[in-house]
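Okay, structure first, notes after.
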Amino acid sequence: MKKDLVDTHNRTHRSLRISIVDKCDLRCTYCMPEDQHFLKREELMTREEIATIARLFVERYGITKIRLTGGEPLVRPDAVDIVRDMSRLGVSLGLTTNAMTLDKHLDGLIAAGLKNINISLDTFDAERFKKISRRDGFDKVHASILLALQRGLRVKVNMVVMRGVNDDEILRFVEFTRDHDVHVRFIEFMPFAGNHWGRERVYTYAEMLGHINSVHTVEKLNDDPHSTAKAYRVSGWPGTFAVISTVTEPFCGDCDRLRLTAEGKMRNCLFTREETDLLSALRRGEDIAPLIEANVLAKHAMLGGLPLFKPEKQEEVLHDLSERPMVSIGG
Ligand code: SF4
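In this note's numbering, each residue's number is its place in the sequence shown (first place is 1) plus 1.
Right under this line is the structure:
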């Protein structure tokens, strides 16, 4: 019998983000700390364990949307098989990738049922790409975005905007929506362990919009319910852009998202410090349903219980942050 996962703030959860690996072939400064340690293979959920847990969320709890993330999911040799397993669950399926090896996997991913893809790109400048991701790769990623569009995938391009790093490229990314039916998402720089976050480094939603409006005629689009992004279009252009304003205008009121880390820990919010170990219980042959339900009931009203990311709260935010860096939570 299906049972909705409703928290104490009356939010029903329909979206599950599953990190399938904590490793990545890039080293982005806002995501991976310099001294990051990675999980051992036996600590990772196996393909079968991912399928078992995901099926429970879908069949018992009515999850209708799954996004596979990492680290970088495509560094996992069985990533395409996992996509196939998830698409057999009949959910809306997405994948977040840095596209460094997307060209090699695209045929398999499409054959496995993938239709939606989020590709991370923070600059159109190859040298700046190297600085942000501590690896060379702009040409590869750019070419893979164009290839994914050509192959008919619905492509979202995620840009983490950091003041003084890449905020001068906002218009370049908007122009990408003139030339392509692509959905660019500008993400306010968020605090995570080891990413040297400071409130002064946040280029805000209001600043981004002001910047774009100073050059283009922009129309506001209707946002999907539970969407994390506020969407817009430059009039007459095929593509669209949106802003994810977690720092200056958080959107927790109708959050329907839950997460699973690569080692099978459930997180009810991107910023929570509390986690529930589903994998160990599953491996002991225990029923994990009560653990899932208890985790949802413990969900904070907003930001995982952190204070608002205001300048005057910066110290408190950094002090109370989860120890888990972005790379092992997943986008
Ligand atoms: S911060 Fe947490 S509660 Fe708020 S929208 Fe994000 S995941 Fe949901």
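All residues carry an ideal CB built from backbone N, CA and C; glycine is no exception.
Assign residue i to one of three DSSP states: helix, strand, or coil.
i	result
residue 309	coil
residue 36	coil
residue 232	strand
residue 140	helix
residue 12	coil
residue 160	strand
residue 215	coil
residue 152	coil
residue 66	strand
residue 329	helix
residue 7	strand
residue 94	strand
residue 202	helix
residue 18	strand
residue 45	coil
residue 299	coil
residue 27	coil
residue 2	coil
residue 192	coil
residue 100	coil
residue 76	helix
residue 324	coil
residue 115	coil
On the premise that residue j lies in contact with residue i, defined as a C-beta separation below 8 Å, what is that separation, rounded to the nearest angstrom?
i	j	result
residue 96	residue 69	5 Å
residue 23	residue 329	4 Å
residue 163	residue 190	5 Å
residue 192	residue 57	With 8 Å as the limit, residue 192 and residue 57 do not qualify as a contact, their Cβ atoms being about 32 Å apart.
residue 46	residue 265	5 Å
residue 243	residue 186	5 Å
residue 273	residue 323	7 Å
residue 93	residue 65	6 Å
residue 229	residue 245	5 Å
residue 259	residue 17	5 Å
residue 85	residue 114	6 Å
residue 75	residue 106	6 Å
Please report the residue range of the beta strand (DSSP E) in which residue i lies.
i	result
residue 131	Here residue 131 belongs to no beta strand (DSSP E); instead the alpha helix (DSSP H) covers 127 to 134.
residue 186	184 to 189
Got a sec, what are the start and stop residues for the alpha helix (DSSP H) residue i sits in?
i	result
residue 88	80 to 88
residue 57	48 to 60
residue 179	171 to 180
residue 107	103 to 112
residue 122	That residue, residue 122, is in no alpha helix (DSSP H); it is neither H nor E in DSSP.
residue 320	315 to 321
Let me confirm a value: residue i is counted as buried when at least 16 other C-beta atoms fall within 10 Å, else exposed. Which label applies?
i	result
residue 205	buried
residue 235	buried
residue 152	exposed
residue 14	buried
Of all the CB atoms in chain D, is at least one closer than 9 Å to the CB of residue i?
i	result
residue 132	The question asks about chain D, but that chain is absent: this structure has only one protein chain.
Does any heavy atom of the ligand PLP sit closer than 8 Å to the C-beta of residue i?
i	result
residue 32	Looking at this structure, you won't find the ligand PLP anywhere; what it does contain is the ligand SF4.
*In chain order, each alpha helix (DSSP H) run of at least 4 residues that lies wholly inside the region 219 to 297*: Scanning the region 219 to 297 from its first residue to its last, the whole alpha helix (DSSP H) runs of 4-plus residues come out as 279 to 284.
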